[in-house]
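So the structure is just underneath, and the comments pick up after that.
Number of protein chains: 2
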Amino acid sequence: MSAVNVAQKFALFQEHWSPKVIAELNGQAVKLAKVSGEFVWHDHAEEDELFLLFQGTLFIDFRDRETVTLEAGELYVVPRGVSHRPRTRPGEEAWIMLLEPLSTAHTGAVRHELTQDRLERI
Amino acid sequence: MSAVNVAQKFALFQEHWSPKVIAELNGQAVKLAKVSGEFVWHDHAEEDELFLLFQGTLFIDFRDRETVTLEAGELYVVPRGVSHRPRTRPGEEAWIMLLEPLSTAHTGAVRHELTQDRLERI
Numbered sequence: 001m002s003a004v005n006v007a008q009k010f011a012l013f014q015e016h017w018s019p020k021v022i023a024e025l026n027g028q029a030v031k032l033a034k035v036s037g038e039f040v041w042h043d044h045a046e047e048d049e050l051f052l053l054f055q056g057t058l059f060i061d062f063r064d065r066e067t068v069t070l071e072a073g074e075l076y077v078v079p080r081g082v083s084h085r086p087r088t089r090p091g092e093e094a095w096i097m098l099l100e101p102l103s104t105a106h107t108g109a110v111r112h113e114l115t116q117d118r119l120e121r122i
Numbered sequence: 001m002s003a004v005n006v007a008q009k010f011a012l013f014q015e016h017w018s019p020k021v022i023a024e025l026n027g028q029a030v031k032l033a034k035v036s037g038e039f040v041w042h043d044h045a046e047e048d049e050l051f052l053l054f055q056g057t058l059f060i061d062f063r064d065r066e067t068v069t070l071e072a073g074e075l076y077v078v079p080r081g082v083s084h085r086p087r088t089r090p091g092e093e094a095w096i097m098l099l100e101p102l103s104t105a106h107t108g109a110v111r112h113e114l115t116q117d118r119l120e121r122i
C-alpha cells in the first residue's frame, strides 16, 4: 500500500450514496461517499459509524434527538442501534469519509433501492 | 456527543508525541497528535494503525521498504507487526489523526521516554 490521497480518490467517482472502500484496518473499512438529498432511515444494530466531512454540509437526523450538522473538518459517531437519516440540503452535495466495520451494510437491515450489496474498492 | 470540529481540537494542545482521544467507535480510538522530529522505532503486534495527515509532512520509515511520505489530505495504514518510525523534517511539525484500537500503546511494546500510558481525552 502507498499513501492514499483522499481528494484524488474523491475525483474517481461521481455517483451518490455509493460508498467506495479506500483502506481497511482492524476489520474496519475507510470509505468515501458523495451524497445528495435524503438517504433512507436505518440503523446498524452492532456497529458504530463515524462520519468525517470533507466538503459541503451534512445533516444527520435522529428519531429522538436533535439533528447533527456537520461541516467540512467535522466528525460525528452515530452509536450502534440508533436510527438515523443522513441528508443534505436539496440539490447540494456533501463528501464524506465513513469508518465502520467491513461487514456493515450502509442501509443497515433496511432493503432499499439505494442499498449496495458489494462496495467497490478504489 | 455533538459534532467534533477537528481544527478546534488541534487548537487545544501544543505538546508533541502526545496523542489525544477525540472519539471512539467499535473499540477503536480516533486520536489527534502533533509531532515533530523522530519518534521511536516500534510496532504493534496485533493492530493496524491509520495515519491521516491534516497539516505538514510526515515520513514513515520502515526497516525493509521505502519510506512513505504523507502530505495533508493523505492517509496510510501501517499493517500490524511492521516496525515503523514516524518522523518530520527537523524542526517542522505535522498534525495527524490516528485510528487504532483503544488498547493500542503508541510506542507498541517499546518503553521509551515518549511512551504515554494514559491518553487524555479532549
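If you read the sequences in order, they're chains A and B.
Residues 1 to 122 (our numbering) make up the first sequence, in order.
Residues 1 to 122 (our numbering) make up the second sequence, in order.
Don't be surprised by glycine CBs; every beta carbon is placed ideally from N, CA and C.
Rounded Cβ spacing between residue i and residue j (contact assumed at less than 8 Å)
i                 : j                 : result
Trp95 of chain B  : Gly56 of chain B  : 6 Å
Arg85 of chain B  : Glu46 of chain B  : The Cβ separation is near 19 Å, so there is no contact.
Lys20 of chain A  : Leu119 of chain A : 7 Å
Glu49 of chain B  : Leu12 of chain B  : That pair is no contact at about 22 Å.
Thr129 of chain A : Thr107 of chain A : Limits of chain A in this structure are 1 at one end and 122 at the other, which puts residue 129 of chain A out of reach.
Ser83 of chain B  : Arg63 of chain B  : 5 Å
Beta-bridge pairing of residue i - partner residues as DSSP gives them
i                 : result
Leu119 of chain A : Leu119 of chain A pairs with nothing; no bridge assigned.
Ala33 of chain A  : A:Ile96
Glu24 of chain A  : A:Ala29
Reduced DSSP secondary structure (H/G/I, E/B, other) of residue i
i                : result
Phe62 of chain B : strand
Phe10 of chain A : helix
Phe54 of chain B : strand
Glu49 of chain B : strand
Val40 of chain A : coil
Asn5 of chain B  : strand
Close-in-space but distant-in-sequence residues of the same chain around residue i (CB under 6 Å, 5 per side omitted)
i                 : result
Phe59 of chain A  : Thr67, Thr69, Arg87
Val78 of chain A  : Glu49, His84
Arg121 of chain B : Val21
Contacting residues, own chain, Cβ-Cβ under 8 Å from residue i (five flanking each side not counted)
i                : result
Glu93 of chain B : His16, Lys34, Val35, Ser36, Gln55, Gly56
Gln28 of chain A : Leu99, Glu100, Pro101, Leu102
7 Å CB neighbourhood of residue i in its chain, flanking five on each side removed
i               : result
Phe8 of chain A : Note on residue identity: the sequence assigns Gln, not Phe, to residue 8 of chain A. Counting only Cβ-Cβ distances below 7 Å, and skipping sequence neighbours, we find nothing.
Beta strand (DSSP E) runs wholly inside the stretch 60 to 119 of chain B, at least 3 long, in chain order: 68 to 71, 74 to 78, 84 to 87, 94 to 101
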